[in-house]
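Number of protein chains: 2
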Amino acid sequence: MLDPRPVGYVIGLLVAVLGLLMVPPMLVDLAEGREHWPVFFESAVLTFLTGSLVALACQNSRGREITIRQGFLLTVGTWVALPAFAAIPFMMGATQARFVDALFEAMSGMTTTGATVFAGLDDLPKGLLLWRGILQWLGGLGIVIVAMLFLPIMRVGGMQFFRSESFDTLGKVMPRAIDISKALLATYIVLTLACVLTYIVLGMDPFVATVHALTSVSTGGFSTSDASFSGFSAPLQYACILFMFLASVPFVRLMLIGSGKFRPLLFDFQVQAYALAIAAAIFLIFAMRVIMGDPLDEDMFRHVAFNVVSIFSGTGYGDGDVTLWGAAPLVVLLAVGAIGGCTGSTGCSIKVFRYLILFKALAAQLRLIGSPNRIVSPRLAGRPIEQDVIESVMLMFTMFILTLGLMSVALALTGLPFMEATTGAWTAIFNVGPAFGELVGDSGALSAFPDSAKYIMIFGMLLGRLELVVVYVLFTSTFWRG
Amino acid sequence: MLDPRPVGYVIGLLVAVLGLLMVPPMLVDLAEGREHWPVFFESAVLTFLTGSLVALACQNSRGREITIRQGFLLTVGTWVALPAFAAIPFMMGATQARFVDALFEAMSGMTTTGATVFAGLDDLPKGLLLWRGILQWLGGLGIVIVAMLFLPIMRVGGMQFFRSESFDTLGKVMPRAIDISKALLATYIVLTLACVLTYIVLGMDPFVATVHALTSVSTGGFSTSDASFSGFSAPLQYACILFMFLASVPFVRLMLIGSGKFRPLLFDFQVQAYALAIAAAIFLIFAMRVIMGDPLDEDMFRHVAFNVVSIFSGTGYGDGDVTLWGAAPLVVLLAVGAIGGCTGSTGCSIKVFRYLILFKALAAQLRLIGSPNRIVSPRLAGRPIEQDVIESVMLMFTMFILTLGLMSVALALTGLPFMEATTGAWTAIFNVGPAFGELVGDSGALSAFPDSAKYIMIFGMLLGRLELVVVYVLFTSTFWRG
Ligand SMILES: [K+]
Ligand SMILES: [K+]
Numbered sequence: 001m002l003d004p005r006p007v008g009y010v011i012g013l014l015v016a017v018l019g020l021l022m023v024p025p026m027l028v029d030l031a032e033g034r035e036h037w038p039v040f041f042e043s044a045v046l047t048f049l050t051g052s053l054v055a056l057a058c059q060n061s062r063g064r065e066i067t068i069r070q071g072f073l074l075t076v077g078t079w080v081a082l083p084a085f086a087a088i089p090f091m092m093g094a095t096q097a098r099f100v101d102a103l104f105e106a107m108s109g110m111t112t113t114g115a116t117v118f119a120g121l122d123d124l125p126k127g128l129l130l131w132r133g134i135l136q137w138l139g140g141l142g143i144v145i146v147a148m149l150f151l152p153i154m155r156v157g158g159m160q161f162f163r164s165e166s167f168d169t170l171g172k173v174m175p176r177a178i179d180i181s182k183a184l185l186a187t188y189i190v191l192t193l194a195c196v197l198t199y200i201v202l203g204m205d206p207f208v209a210t211v212h213a214l215t216s217v218s219t220g221g222f223s224t225s226d227a228s229f230s231g232f233s234a235p236l237q238y239a240c241i242l243f244m245f246l247a248s249v250p251f252v253r254l255m256l257i258g259s260g261k262f263r264p265l266l267f268d269f270q271v272q273a274y275a276l277a278i279a280a281a282i283f284l285i286f287a288m289r290v291i292m293g294d295p296l297d298e299d300m301f302r303h304v305a306f307n308v309v310s311i312f313s314g315t316g317y318g319d320g321d322v323t324l325w326g327a328a329p330l331v332v333l334l335a336v337g338a339i340g341g342c343t344g345s346t347g348c349s350i351k352v353f354r355y356l357i358l359f360k361a362l363a364a365q366l367r368l369i370g371s372p373n374r375i376v377s378p379r380l381a382g383r384p385i386e387q388d389v390i391e392s393v394m395l396m397f398t399m400f401i402l403t404l405g406l407m408s409v410a411l412a413l414t415g416l417p418f419m420e421a422t423t424g425a426w427t428a429i430f431n432v433g434p435a436f437g438e439l440v441g442d443s444g445a446l447s448a449f450p451d452s453a454k455y456i457m458i459f460g461m462l463l464g465r466l467e468l469v470v471v472y473v474l475f476t477s478t479f480w481r482g
Numbered sequence: 001m002l003d004p005r006p007v008g009y010v011i012g013l014l015v016a017v018l019g020l021l022m023v024p025p026m027l028v029d030l031a032e033g034r035e036h037w038p039v040f041f042e043s044a045v046l047t048f049l050t051g052s053l054v055a056l057a058c059q060n061s062r063g064r065e066i067t068i069r070q071g072f073l074l075t076v077g078t079w080v081a082l083p084a085f086a087a088i089p090f091m092m093g094a095t096q097a098r099f100v101d102a103l104f105e106a107m108s109g110m111t112t113t114g115a116t117v118f119a120g121l122d123d124l125p126k127g128l129l130l131w132r133g134i135l136q137w138l139g140g141l142g143i144v145i146v147a148m149l150f151l152p153i154m155r156v157g158g159m160q161f162f163r164s165e166s167f168d169t170l171g172k173v174m175p176r177a178i179d180i181s182k183a184l185l186a187t188y189i190v191l192t193l194a195c196v197l198t199y200i201v202l203g204m205d206p207f208v209a210t211v212h213a214l215t216s217v218s219t220g221g222f223s224t225s226d227a228s229f230s231g232f233s234a235p236l237q238y239a240c241i242l243f244m245f246l247a248s249v250p251f252v253r254l255m256l257i258g259s260g261k262f263r264p265l266l267f268d269f270q271v272q273a274y275a276l277a278i279a280a281a282i283f284l285i286f287a288m289r290v291i292m293g294d295p296l297d298e299d300m301f302r303h304v305a306f307n308v309v310s311i312f313s314g315t316g317y318g319d320g321d322v323t324l325w326g327a328a329p330l331v332v333l334l335a336v337g338a339i340g341g342c343t344g345s346t347g348c349s350i351k352v353f354r355y356l357i358l359f360k361a362l363a364a365q366l367r368l369i370g371s372p373n374r375i376v377s378p379r380l381a382g383r384p385i386e387q388d389v390i391e392s393v394m395l396m397f398t399m400f401i402l403t404l405g406l407m408s409v410a411l412a413l414t415g416l417p418f419m420e421a422t423t424g425a426w427t428a429i430f431n432v433g434p435a436f437g438e439l440v441g442d443s444g445a446l447s448a449f450p451d452s453a454k455y456i457m458i459f460g461m462l463l464g465r466l467e468l469v470v471v472y473v474l475f476t477s478t479f480w481r482g
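Residue numbers (the UniProt record's numbering), protein chains in the order written: chain U, 1 to 482; chain H, 1 to 482.
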């Protein structure tokens, strides 16, 4: 039997922390003076008390080692419980959201997807805008910890390729988990502060800068305005491109910058491949637009670069209507969203390194089929790729594609048109943010989607953020019998 | 070094045979009296002579065993050389096609895709209509031979799962290849004749019945009329459903029906899964249309069933505008096209058994991740699935998806709108036939597509029909060195 109490203890603590994190929005609301602060006060009390009670109830399990199976349960449980509580302010607050919309917004926040059901953001109380930013920031932090500590030992999606760079067994991890999380948190906070300061220096209002920094470094993409990033100046857009890029490279490399070591970042095979892929996508779309006769200037280049990095990193800030660029750039952007950034970052989607492994494995097997007598072992970054890693990566890729297909069908079944159904599935599974089609509001809000579609997307965002496997494992019978 | 002469010998012979096959259209044209017969006369002479000369030039290699590598070259060479010659009548004849259109039509024929660039079929000389049917019939025959004799020993796409049912090594195959091909040919001819007779009995004109039989049993989908199958009666449509189904089940099973053995067909795991999947898709789309308020009657059921089987089998006969049914049925039909029929048939696409293996492998690895101490070995049809098979299947699935993505991008780059680019890539890669969008003519003709898009689709049809791997292998450097 799986003992749920150690899991309950940690989730209880995290829910309590979530309650404490409702205090800053409360203070902001208090300062704004729109009488909106009681929403966060009541939500905070409710959330903190419930979390504390659960933690207390499971307290006798404190300090017990968490097994791998409990690790899965903990990960999924966290991304279900926290959004559920995080949704409360959206239901009680000025958004007056129904349960499905509130949960959608909270899940979109915690999974750093950034799809929203709210239009008219500019008029919302500042507390709610900050709350959306905090959710994404927290979700980004959470996923980096999961990716660094848990996924490699869980053998999920070929993450064991990075095992040597992290830790071999759960036994070795747990004692250092706190230390690593602290170092990570410090890096994340420094990156966030650097982002806030840059945005302020370049002319953003301090509150707006804070929220956008929270959603930039988490590759979340929530904004304080319906105009999203199209309303900001050119220097701010370039700064945002930089921070979206930094947020989607491995945080273990970013950590070293603090001690003046830039080489590990610059020479990381993932970072190099990622930068190259970004450059290629920008060049491709830029060239297409030039061929189609769009004016060749800095403005056009910047919008292309912004959107490519926004989608590649999985941030998803809006910057103009990219569907106006024509079908080819849109298809490239959709493909870019299905690739995504580097593993060990706040970025999402299938990730660059998995494509590298796929291509290496495909080439190796083609060579084997063509000349069966040669022994071929695919290598990446100077290391042989173990069979185990290849299988896990192919498994994950296959799951992503099949899930994308099934979710497109499911969304179409709710009555969504073709474009909305396919890009809705794409944005949910790959945690990108924007969806395309006529049912998508001018501000990018998905409020017109039917409730059933919203529930499907909520599940899709959860699936995608936890790299599918972590959720799907819970649906195997042996997991519970184990 | 790879000796190309044994390959050249066989391809030369096949081209000569293709020349002989231009005689029936010539006779039909002669009988019709529209002075169109010289087109086929000249084409036949040119094709027969060229093929014979090539065969003669390579004659000293006759009887030499063909190696696996030569097998790849032979397969790809056949599907490049034959369409090139088969295109001649389209250039010289009443269609007055430019090279790209003629090659498109011929490749679409030989790969049994069935996408056409010609509108106004009803007015074409009968010889050309018959020629299109012959090309699909020949392509269907060719692919079954390749699938039964070559693919299992080539370790392509998990076909080695069926090795025990076929033959272990090339050495064992070659002596029996002629016998097997003969038995296969007999079955194929009987199936075709049964189809012709059924269509005639149910009221089709004998010539129209012949062409449609040729394109039914090959799951090709070319028609003699712009109306395709929407112009035929209900009994004819049901008959067509039956023959499209039979053409997409394993021919080794069909062969046994001749000796009165129905059980191997009925109890084949592929056939059962395939039939189940068809029933599910029909039920799903039927239910959707009922919910959307379409009249619930035999007519509606029949059109749903016809289109599902037409796309599932990869035949692609038109029967009304399915895009009018709404987004959900369209997405289901697109998914259905990405599944396809049974291996060892004339059907195309990824194929049902590969999905079965994928699901089994995914479930097994999920169980392994959830409870690492259990030993799990996936099984299918009572047999363990070897690791080798799983890898090949995942490889092929990954290749299909990546190729589909790249081809969508490439088609969008030619200027095709989103729907045309994605469904164009889909129809080419999976050899289905129809594409959707405003640039597709009322009759389904793709004549308005830019030339660059047509060339990309020509390559896509070749790739898809030869299960990608067979073509991609030729692009590895070791293949040519080895
Ligand atoms: K995002
Ligand atoms: K077809």
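Just so it is clear, CB atoms sit at the ideal spot from N, CA and C, and this is done for glycine as well. Note that the structure is predicted; figures quoted are calculated from it, not measured.
{"Asked": "Anything in the region 347-378 of chain H with a Cβ closer than 9 Å to a Cβ of chain U? List those residues in chain order, please.", "Found": "Y355, L358, F359, A361, L362, A363, Q365, L366, R367, L368, I369, G370, S371, P372, N373, R374 and V376"}
{"Asked": "Output yes if chain U places a C-beta closer than 8 Å to the C-beta of I66/H; else output no.", "Found": "no"}
{"Asked": "State the DSSP-derived secondary structure class of R383/H, mapped to helix, strand or coil.", "Found": "strand"}
{"Asked": "Considering only their Cβ atoms, is the gap separating V217/U from T198/U smaller than 8 Å?", "Found": "no"}
{"Asked": "Select from R465/H, F222/H and S477/H the residue whose C-alpha is nearest the C-alpha of T75/H.", "Found": "R465/H"}
{"Asked": "For I350/H, count the other beta carbons within 10 Å of its own beta carbon; 16 or more makes it buried, fewer makes it exposed. Which is it?", "Found": "buried"}
{"Asked": "At what residues does the alpha helix (DSSP H) containing D29/U begin and finish?", "Found": "V23 to E32"}
{"Asked": "Please tell me whether, using a cut-off of 7 Å, the distance from the CB of V10/U to the nearest non-hydrogen atom of ligand 1 is below it.", "Found": "no"}
{"Asked": "Identify each residue in the region 400-420 of chain U for which the Cβ-Cβ distance to at least one residue of chain H is less than 7 Å, and report them in chain order.", "Found": "I401, G405, S408, V409, A412, L413, L416, P417 and F418"}
{"Asked": "Along the region 111-123 of chain U, where does the CB come closer than 7 Å to a CB of chain H? Name the residues.", "Found": "none"}
{"Asked": "For F283/U and V7/H, I'd like the C-alpha separation in whole angstroms.", "Found": "42 Å"}
{"Asked": "Measure the CB-CB distance between V393/H and R354/H and report whether it falls below 8 Å.", "Found": "yes"}
{"Asked": "With 7 Å as the C-beta to C-beta threshold (strictly closer), list the residues of the region 438-468 of chain U near chain H in chain order.", "Found": "none"}
{"Asked": "What does the alpha-carbon distance come out to for the pair Q70/H and M154/H?", "Found": "11 Å"}
{"Asked": "Quick one: any contact between the region 235-243 of chain H and the region 122-140 of chain H, if contact means 3 or more CB pairs under 8 Å?", "Found": "no"}
{"Asked": "Just jot down, in chain order, the residues whose CB lies closer than 7 Å to any heavy atom of ligand 1.", "Found": "T112/U, T113/U, G114/U, T219/U, G220/U, G221/U, G314/U, T315/U, G316/U, C348/U, N431/U, V432/U and G433/U"}
{"Asked": "How is G171/U classed by DSSP in three states: helix, strand or coil?", "Found": "Model confidence at G171/U stands at a pLDDT of 49, short of 50, so the residue's coordinates are unreliable; what they give is reported in the following sentence. G171/U falls in the helix class under three-state DSSP."}
{"Asked": "Excluding five sequence neighbours on each side, which residues of the same chain lie with their C-beta closer than 8 Å to the C-beta of N60/H?", "Found": "R5"}
{"Asked": "Run through DSSP, which three-state label would Y317/U get?", "Found": "coil"}
{"Asked": "Does the Cβ of E105/U have 16 or more other Cβ atoms within 10 Å, making it buried, or fewer, making it exposed?", "Found": "buried"}
{"Asked": "Give me, in chain order, the residues of the same chain whose beta-carbon lies closer than 8 Å to that of L236/H; leave out the 5 immediate sequence neighbours on both sides.", "Found": "Y199, L202, G203, M204 and F229"}
{"Asked": "Can you give me the C-alpha to C-alpha distance between M148/H and A119/U, rounded to a whole angstrom?", "Found": "58 Å"}
{"Asked": "Taking only beta-carbon atoms, is F48/H less than 8 Å away from chain U?", "Found": "no"}
{"Asked": "Kindly give me the distance between the Cβ atoms of F222/U and T116/U, rounded to whole angstroms, as I take these residues to be in contact under 8 Å.", "Found": "7 Å"}
{"Asked": "Nearest CA to the CA of G231/U: which residue from F267/U, I291/U, V80/U and D321/U?", "Found": "D321/U"}
{"Asked": "Under 8 Å, do M92/H and E35/H count as touching if we go by C-beta distance?", "Found": "no"}
{"Asked": "Would you kindly work out how many angstroms separate the C-alpha atoms of A470/U and I68/H, rounded to a whole number?", "Found": "According to the sequence provided, residue 470/U is Val. The question's Ala does not apply to it. Rounded to the nearest angstrom, the two C-alpha atoms are 42 Å apart."}
{"Asked": "Here's a check: name, in chain order, each residue in its chain whose Cβ is nearer than 6 Å to the Cβ of A57/U, leaving out the five neighbours to either side.", "Found": "none"}
{"Asked": "Under 8 Å, Cβ to Cβ, is there at least one residue of chain U near F161/H?", "Found": "no"}
{"Asked": "Is DSSP giving R98/H helix, strand or coil here?", "Found": "coil"}
{"Asked": "Does any residue of chain H have a CB that is nearer than 8 Å to the CB of A328/U?", "Found": "yes"}
{"Asked": "With 16 as the cutoff for other CB atoms within 10 Å, does L185/U come out buried or exposed?", "Found": "exposed"}
{"Asked": "Using 10 angstroms around the beta-carbon of G382/U, count the other beta-carbons present and answer buried if the total reaches 16, otherwise exposed.", "Found": "exposed"}
{"Asked": "Helix, strand or coil for I143/U, going by three-state DSSP, please let me know.", "Found": "helix"}
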